[in-house]
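Below: one structure, written as structure tokens.
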Amino acid sequence: MVSPSDHMANERTFLAWVRTGIALIGFGFVIAKFALFLQILKGVKGVGQSVLFGEVMIVLGAAVIVYGLLIYHLTERDLENNTYRSRHVLNSVFAAVVLIVAVSLALLVI
Numbered sequence: 003m004v005s006p007s008d009h010m011a012n013e014r015t016f017l018a019w020v021r022t023g024i025a026l027i028g029f030g031f032v033i034a035k036f037a038l039f040l041q042i043l044k045g046v047k048g049v050g051q052s053v054l055f056g057e058v059m060i061v062l063g064a065a066v067i068v069y070g071l072l073i074y075h076l077t078e079r080d081l082e083n084n085t086y087r088s089r090h091v092l093n094s095v096f097a098a099v100v101l102i103v104a105v106s107l108a109l110l111v112i
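Going by our numbering, the sequence shown opens with residue 3, and the numbers climb by one from there.
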């Protein structure tokens, strides 16, 4: 038997994904805008590598929100059907993508 608290827990988890995505998007804007600010101060033209990093963080934040929404809907469906399906493959693929992006950005800094 599924209780209302199960649905509320699923919603809280979704909202945590949204908060994480918003934090990544905000951090991406800070990186990009600070890089542009430094370029204006130095009088250098052209988009620097930091702007690229900021844009990647913004896209990654949006992807986190989309992923959270997908997991939310899948879990809601499972709760309505009174079933449980492990999402270890989907979670592993998402974690691998995030790690690949993180390592790629780290290698670009070097």
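For every residue, glycine included, the Cβ atom is placed at its ideal position computed from N, Cα and C.
| query | result |
| --- | --- |
| Contact the region 87–102 vs the region 13–26: 3+ CB pairs below 8 Å | no |
| Distance, glutamate 13 Cα to leucine 38 Cα | 37 Å |
| Buried or exposed (CB count within 10 angstroms, at least 16 for buried), methionine 10 | exposed |
| For methionine 3, the first and last residue of its enclosing alpha helix (DSSP H) | Here methionine 3 belongs to no alpha helix (DSSP H), and DSSP marks it neither H nor E. |
| Backbone secondary structure at tyrosine 74 - three-state DSSP | helix |
| Between the CA atoms of threonine 77 and arginine 89 - distance to the nearest angstrom | 10 Å |
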